[in-house]
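In the numbering used here, each number is its position in the sequence shown, counted from 1, plus 3. Even for Gly, the Cβ is constructed at its ideal location relative to N, Cα and C.
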Amino acid sequence: SPVISATTQQDNKIGTVGKPFPDVEVKIGDNSEILSRGPNLMLGYYNKPEETARAIDQDGWFHTGDQGKFDERGNLVITGRIKELIVTSYGKKIPPVPIEEKLVKTGYIDQAIIYGDNRSYIVALIVPNQKAIEYYAKTNNINYTDYPNLLTQNAITDFIKATINEACKNLAPYEKIKEFTLLSEGFTIDNGLLTPTLKLRRNRVFEKYQSLIEEIYARAKKEN
4 SPVISATTQQ DNKIGTVGKP FPDVEVKIGD NSEILSRGPN LMLGYYNKPE
54 ETARAIDQDG WFHTGDQGKF DERGNLVITG RIKELIVTSY GKKIPPVPIE
104 EKLVKTGYID QAIIYGDNRS YIVALIVPNQ KAIEYYAKTN NINYTDYPNL
154 LTQNAITDFI KATINEACKN LAPYEKIKEF TLLSEGFTID NGLLTPTLKL
204 RRNRVFEKYQ SLIEEIYARA KKEN
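This is the structure:
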């Protein structure tokens, strides 16, 4: 994939990858995919015409596989990866990363991963911020034996539910989290659930917690 944009000392906005280089065209295509073409683009994959055709369309646009948007100043913002896109049973397409980032920004959630492929709604695995949750328990006189036990207390799950609902209040109905479970163990490099660059290994997380995910859906169905 070619380098298509960069920030500068004079124009450096956190959360963006800057403005496109001169003579480099960038546009947002279907499914919010970032497309680019210009003199920086490769000719293709050596002796791999089929892969080249998948990457570069007939109009010369390189399909990056990244999802993104332009902000009000023309800076490019990467919001996720096409391969991470959740497609519900109703055909709704949901990029998970922006939703997960909203949850983490609450300060009470360290990590989150949402799931919903071929399902009618999305659910989440939530790793709370232990210090914040323990402080909340202390200031609200919530009794518990240890941290895993704390996460089973109704007062905590109700608080996290309210936190999630507040974080997601401006999302479309199909983007809202229907049900969730709290995990006492985080996603780390050591347990194989994060890459060395600290990105979620989504498939590995889903494989490890598949039975738990099924329990979440069963619980949500029963509550309905």
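Please confirm whether residue i has its beta-carbon closer than 8 Å to some beta-carbon of chain D.
{"i": "residue 121", "result": "No chain D appears in this structure, which consists of one protein chain only."}
Could you pull the DSSP bridge partners for residue i from this structure?
{"i": "residue 69", "result": "84"}
{"i": "residue 182", "result": "126"}
Return helix, strand or coil for residue i, following the three-state DSSP convention.
{"i": "residue 210", "result": "helix"}
{"i": "residue 79", "result": "strand"}
{"i": "residue 188", "result": "coil"}
{"i": "residue 134", "result": "helix"}
{"i": "residue 128", "result": "strand"}
{"i": "residue 113", "result": "strand"}
{"i": "residue 6", "result": "coil"}
{"i": "residue 39", "result": "strand"}
{"i": "residue 23", "result": "strand"}
{"i": "residue 31", "result": "strand"}
{"i": "residue 202", "result": "coil"}
{"i": "residue 241", "result": "Given that the chain is displayed from residue 4 to residue 227, the structure contains no residue 241 and the question cannot be resolved."}
{"i": "residue 93", "result": "coil"}
Ordered along the chain, which non-local residues of its own chain (more than five positions away) have a Cβ less than 8 Å from that of residue i?
{"i": "residue 120", "result": "89, 90, 91"}
{"i": "residue 98", "result": "35, 70, 82, 83, 87, 88, 89"}
{"i": "residue 132", "result": "110, 111, 112, 113"}
Taking 7 Å as the limit between beta carbons, can you name the residues of its chain near residue i, skipping five residues before and five after?
{"i": "residue 192", "result": "199"}
{"i": "residue 85", "result": "34, 36, 68, 70"}
Rounded to whole angstroms, what's the CA-CA distance from residue i to residue j? Just pull it up for me.
{"i": "residue 66", "j": "residue 151", "result": "44 Å"}
{"i": "residue 181", "j": "residue 212", "result": "17 Å"}
{"i": "residue 21", "j": "residue 39", "result": "14 Å"}
{"i": "residue 11", "j": "residue 24", "result": "11 Å"}
{"i": "residue 72", "j": "residue 19", "result": "10 Å"}
{"i": "residue 45", "j": "residue 197", "result": "30 Å"}
{"i": "residue 122", "j": "residue 42", "result": "42 Å"}
{"i": "residue 125", "j": "residue 74", "result": "27 Å"}
{"i": "residue 168", "j": "residue 102", "result": "11 Å"}
{"i": "residue 14", "j": "residue 31", "result": "22 Å"}
Residues in the same chain with beta-carbon distance under 6 Å from residue i, minus the five sequence neighbours each way, listed in chain order, please.
{"i": "residue 59", "result": "65"}
{"i": "residue 7", "result": "23, 27, 29, 39"}
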